[in-house]
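Asker: Sending over a structure as structure tokens; questions will come in a sec.
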Amino acid sequence: MILRTPWISAVALALAVSTLPSAAASATPRPSTTSWSVQRDADALRETGVTGVAVRLETPRGTVTARSGVGDLVTRRPVPKDGYLRLGSTTKTYVATVLLQLVGEKRISLDQTVGQLLPGVVSGAGNDGRTITVRDLLRHTSGLYDYIYDVFPDPGAQTYFADRWRAYQPAELVALAMRHAPDFPAGTRWAYSNTNYVLAGMIIEKITGHTWEQQVHARILRPLGLRHTDTPGTRPFLPRPHASNYQQFTADGPMVDTTIPYRPFDSGADGSMTGTARDLNRFFTALVDGRLLKPAELAAMRNTVPLPPDSGHPAGTRDGLGLFFTPLSCGGGYLGHGGSGFGYVVRAATTTDGRRSVTVSAHSRAGDPRSAARQEDALRDLVDRALCRTA
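Per the working numbering: the sequence shown = residues 8 to 398.
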């Protein structure tokens with residue numbers, strides 16, 4: 008789940024631990040300059056304070072992996088090979104893919120309104136579902152308030168521990184958002200809102216008679232053989248092996264083990280899936296290669312709008328339907344989506360030709376905005392260099 012509250016933006020990706028050992032690829036002979044470069048960049052991200060880092064890069068010449076830091080601050084065990092991850096908002100790309108498949112089957116249109124599909128659900132406080140299209144939901148141009156502000160109003164560890172077991176139904180989360188006026192008229196601007204994809208999941212169920220989770224399994228996971236990707240809903244425990252996740256809620260506060268998710272915003276169509284880097288790369292490669300969507304629907308997914316300068320994304324990033332485009336320093340760009348929650352960040356990216364795919368996971372986040380900025384820069388550099396290398 009991508010969290011947009013000011014304090015969460017300030018804590019993205021950092022942790023005040025800067026002397027953690029490198030693991031895995033650095034302990035073995037480097038067979039290529041690509042392997043050496045990826046390991047170097049994973050170590051650089053760890054050295055900015057992240058407790059544990061894992062990278063998986065797929066290229067025409069094979070697979071390159073790197074791990075750095077530790078997977079647990081108590082036992083000091085290494086970050087596991089191809090461990091299970093919380094995918095956070097990367098879930099949104101799977102949900103968008105299912106909706107676009109339904110578009111290709113003529114069961115729904117991107118120009119249909121939320122009011123037509125879910126009558127009366129988006130209303131009150133100036134909200135009007137009759138003015139918001141499915142396209143607006145998928146590319147975050149709906150203007151709808153982001154419910155996460157209501158389910159985590161106090162940015163502290165006390166709230167995390169008090170409420171992490173509480174679960175909401177999708178309709179309850181939408182109702183929370185409907186208590187607030189929209190940020191802008193639909194279609195006039197862009198602003199990230201998790202409420203959009205809660206509604207997208209509800210629409211999938213309305214159209215198909217099955218939950219979005221069932222549809223993701225039937226339409227994506229089983230056909231692609233992604234056996235290590237799941238839709239756990241409110242089940243809180245990651246399969247093993249996995250690294251522990253750590254959140255520093257204040258700049259000078261302790262590191263808190265947040266491997267147990269925060270159910271109020273880690274349980275739905277906007278950010279609940281789990282999986283592995285191997286499966287993530289396979290999914291995005293199949294998506295970009297056209298194995299999941301017909302040409303018209305894939306083109307619609309890749310039809311993007313610009314993001315505002317304060318979006319927190321790299322310059323030049325644009326948003327499509329559940330899929331972001333980001334320029335590469337070497338020319339061209341990549342398609343992908345990120346995900347984050349308390350204590351973790353995942354970035355999945357694939358070059359526009361589908362030839363190179365990379366997934367990076369960072370297993371801690373911190374409260375110091377300066378560390379956050381350094382870590383964000385290091386993560387972006389890692390993704391850029393991994394996808395730009397020709398070897």
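All C-beta atoms in this analysis are idealised placements derived from N, C-alpha and C, irrespective of residue type, glycine included. Quick caveat: nothing in here was measured; it's all calculated off a predicted structure.
Whose C-beta lies closer than 7 Å to the C-beta of Leu-394 among residues of the same chain, with five residues either side of it excluded?
Answerer: Locating residue 394 in the sequence shown gives position 387, counting from the first residue. For Leu-394, where only same-chain residues beyond five positions count, the Cβ hits under 7 Å are Leu-335, Tyr-341, Ala-356, Thr-358, Arg-363, Val-365.
Asker: Report the start-end ranges of each beta strand (DSSP E) in the region 281 to 348 that is 3 residues or longer and not cut off at the edges.
Answerer: Entirely contained in the region 281 to 348, the beta strand (DSSP E) runs reaching 3 residues are, in chain order, 281 to 283, 331 to 334, 340 to 348.
Asker: Is the beta carbon of Ala-276 less than 7 Å from the beta carbon of Tyr-175?
Answerer: To locate residue 276, count along the sequence shown from 1; it is residue 269. To locate residue 175, count along the sequence shown from 1; it is residue 168. Contact flag unset, no.
Asker: Spell out the partners DSSP gives Gln-165 in its beta bridges.
Answerer: Position 158 of the sequence shown, counted from the start, is the residue given in the question as residue 165. Answer is none; Gln-165 lacks a bridge partner.
Asker: Taking a contact to mean a Cβ-Cβ separation below 7 Å, would you say Gln-222 touches Val-105 in this structure?
Answerer: For the purposes of this step, residue 222 is taken as residue 215 along the sequence shown, with counting starting at 1. For the purposes of this step, residue 105 is taken as residue 98 along the sequence shown, with counting starting at 1. Cβ atoms of Gln-222 and Val-105: closer than 7 Å.
Asker: If you measure between the beta carbons of Ser-39 and Arg-53, is that distance less than 7 Å?
Answerer: Residue 39 sits at position 32 when you count from the first residue of the sequence shown. Residue 53 sits at position 46 when you count from the first residue of the sequence shown. No, these two residues do not count as a Cβ contact at 7 Å.
Asker: Among the residues of its own chain, which have a CB less than 8 Å from the CB of Gly-163, if the five just before and after it don't count?
Answerer: Taking the sequence shown and counting its residues from 1, one reaches residue 163 at position 156. These residues qualify, in order along the chain: Phe-256, Thr-257.
Asker: Hey, how far is the Cα of Glu-112 from the Cα of Ile-227?
Answerer: Residue 112 sits at position 105 when you count from the first residue of the sequence shown. Residue 227 sits at position 220 when you count from the first residue of the sequence shown. Rounded to whole angstroms, Glu-112 to Ile-227 spans 15 Å at the Cα level.
Asker: Rounded to the nearest angstrom, what separates Val-7 and Gly-131 at their Cα positions?
Answerer: Missing from the structure shown is residue 7; the chain here goes from 8 to 398 and no further.
Asker: Under the rule that 16 or more other beta-carbon atoms within 10 Å means buried, what is Ala-373, buried or exposed?
Answerer: Here residue 373 corresponds to residue number 366 of the sequence shown, with the count starting at 1. Classification for Ala-373: buried.
Asker: Between Arg-381 and the rest of its own chain, which residues show a CB-CB distance below 6 Å, the 5 nearest in sequence each way excluded?
Answerer: For this step, residue 381 is matched to residue 374 along the sequence shown. Result list for Arg-381: Thr-55, in chain order.
Asker: Give the straight-line distance between the Cα atoms of Leu-299 and Gln-108, rounded to the nearest whole angstrom.
Answerer: The residue labelled residue 299 in the question sits at position 292 within the sequence shown. The residue labelled residue 108 in the question sits at position 101 within the sequence shown. So the two alpha carbons sit approximately 8 Å from each other.
Asker: Can you find the residues in the same chain that come closer than 8 Å, C-beta to C-beta, to Arg-84, ignoring five residues on each side of it along the sequence?
Answerer: Taking the sequence shown and counting its residues from 1, one reaches residue 84 at position 77. Once the five neighbours on either side are set aside, the close Cβ partners of Arg-84 are Val-77, Gly-78.
Asker: If you draw a straight line from the C-alpha of Arg-68 to the C-alpha of Asp-135, how long is it?
Answerer: In the sequence shown, residue 68 corresponds to position 61, counting from 1. In the sequence shown, residue 135 corresponds to position 128, counting from 1. Arg-68 and Asp-135: Cα-Cα distance of roughly 51 Å.
Asker: Kindly indicate the opening and closing residues of the alpha helix (DSSP H) around Gly-111.
Answerer: As a position in the sequence shown, residue 111 is number 104, starting the count at 1. Per DSSP, Gly-111 belongs to the alpha helix (DSSP H) from 98 to 111.
Asker: Helix, strand or coil, according to DSSP, for Asn-201 in the structure here?
Answerer: Numbered from its first residue, the sequence shown carries residue 201 at position 194. Three-state result, Asn-201: coil.
Asker: Could you give the C-beta distance for Thr-97 and His-344, rounded to a whole number, given that I count them as a contact under 8 Å?
Answerer: For the purposes of this step, residue 97 is taken as the residue at position 90 of the sequence shown. For the purposes of this step, residue 344 is taken as the residue at position 337 of the sequence shown. Between His-344 and Thr-97 the Cβ distance is about 5 Å, and since that is below 8 Å, they are a contact.
Asker: Measure the C-alpha to C-alpha separation of Thr-215 and Pro-376 and round it to an integer number of angstroms.
Answerer: Numbered from 1 along the sequence shown, position 208 holds the residue referred to as residue 215. Numbered from 1 along the sequence shown, position 369 holds the residue referred to as residue 376. Their backbone Cα atoms lie some 44 Å apart in a straight line.
Asker: Hey, would you say Val-57 sits closer than 7 Å to Ala-284, going by beta carbons?
Answerer: Taking the first residue of the sequence shown as position 1, residue 57 is located at position 50. Taking the first residue of the sequence shown as position 1, residue 284 is located at position 277. Taking 7 Å as the Cβ cut-off, Val-57 and Ala-284 do not qualify as a contacting pair.
Asker: So what does DSSP say about Ala-34, is it helix, strand or coil?
Answerer: Walking along the sequence shown from the start, residue 34 turns up at place 27. Annotation note: pLDDT 41 at Ala-34 (below 50); position unreliable, no value reported.
Asker: Taking Cβ to Cβ, would you say Gly-319 is nearer than 7 Å to Leu-94?
Answerer: As a working mapping, residue 319 is identified with position 312 in the sequence shown. As a working mapping, residue 94 is identified with position 87 in the sequence shown. In this structure, Leu-94 does not lie closer than 7 Å to Gly-319 by Cβ.
Asker: Name, in chain order, the residues that DSSP records as bridge partners for Gln-255.
Answerer: Taking the first residue of the sequence shown as position 1, residue 255 is located at position 248. Bridge partners of Gln-255: Met-262.
Asker: Taking the beta strand (DSSP E) that Ser-75 belongs to, which residues open and close that run?
Answerer: As a working note, residue 75 is residue 68 in the sequence shown. Note, Ser-75: beta strand (DSSP E), 69 to 76.
Asker: Can the beta-carbon of Gly-208 be found less than 7 Å from the beta-carbon of Asp-273?
Answerer: Taking the sequence shown and counting its residues from 1, one reaches residue 208 at position 201. Taking the sequence shown and counting its residues from 1, one reaches residue 273 at position 266. No.
Asker: Just confirm the distance between the C-beta atoms of Arg-325 and Pro-313, as a whole number of angstroms; I'd bet it's less than 8 Å.
Answerer: Within the sequence shown, residue 325 is the residue found at index 318, counting from 1. Within the sequence shown, residue 313 is the residue found at index 306, counting from 1. That pair is a contact at about 5 Å.
Asker: Using the beta-carbon count (16 or more within 10 Å), is Pro-13 buried or exposed?
Answerer: As a working note, residue 13 is residue 6 in the sequence shown. With a pLDDT of only 34 at Pro-13, under 50, the local geometry of the prediction cannot be trusted, and no value is derived from it.
Asker: Which same chain residues, not among the five before or five after Leu-124, have their C-beta less than 7 Å away from its C-beta?
Answerer: For the purposes of this step, residue 124 is identified with residue 117 of the sequence shown, where counting begins at 1. Excluding sequence neighbours, Leu-124 sits near Ile-210, Lys-213.
Asker: Using the Cα positions of Arg-146 and Lys-99, report the straight-line distance between them to the nearest angstrom.
Answerer: Working through the sequence shown from its first residue, we reach residue 146 at position 139. Working through the sequence shown from its first residue, we reach residue 99 at position 92. Those two C-alpha atoms are separated by around 10 Å.
Asker: Checking the sheet assignment: what are the DSSP bridge partners for Val-367?
Answerer: On the sequence shown, residue 367 is found 360 positions in, with the first residue counted as 1. In DSSP, Val-367 forms a bridge with Val-62, Arg-354.
Asker: Helix or strand or just coil, what does DSSP make of Pro-85?
Answerer: Here residue 85 refers to the residue found at position 78 when the sequence shown is read from its first residue. Strand.
Asker: Within a Cβ cutoff of 6 Å, which residues of the same chain sit near Ala-306, ignoring the five residues on either side of it in sequence?
Answerer: Your numbering for residue 306 matches position 299 in the sequence shown. There are no such residues.
Asker: Rounded to whole angstroms, what is the Cα-Cα separation between Tyr-167 and Thr-70?
Answerer: Walking along the sequence shown from the start, residue 167 turns up at place 160. Walking along the sequence shown from the start, residue 70 turns up at place 63. If you take the alpha carbons of Tyr-167 and Thr-70, they lie about 37 Å apart.
Asker: Give the DSSP-derived three-state secondary structure of Arg-387 in the structure shown.
Answerer: Looking up residue 387 in the sequence shown gives position 380. Helix at Arg-387.
Asker: Give the straight-line distance between the Cα atoms of His-235 and Pro-321, rounded to the nearest whole angstrom.
Answerer: Reading the sequence shown from its first residue, position 228 is the one you call residue 235. Reading the sequence shown from its first residue, position 314 is the one you call residue 321. So the alpha carbons of these two residues sit roughly 30 Å apart.
Asker: Of all the options Pro-271, Asp-360, Glu-383, Ser-378, which has the alpha carbon lying nearest to the alpha carbon of Glu-65?
Answerer: By 1-based counting over the sequence shown, the position of residue 65 is 58. Checked all of Pro-271, Asp-360, Glu-383, Ser-378; the closest Cα to Glu-65 is Asp-360.
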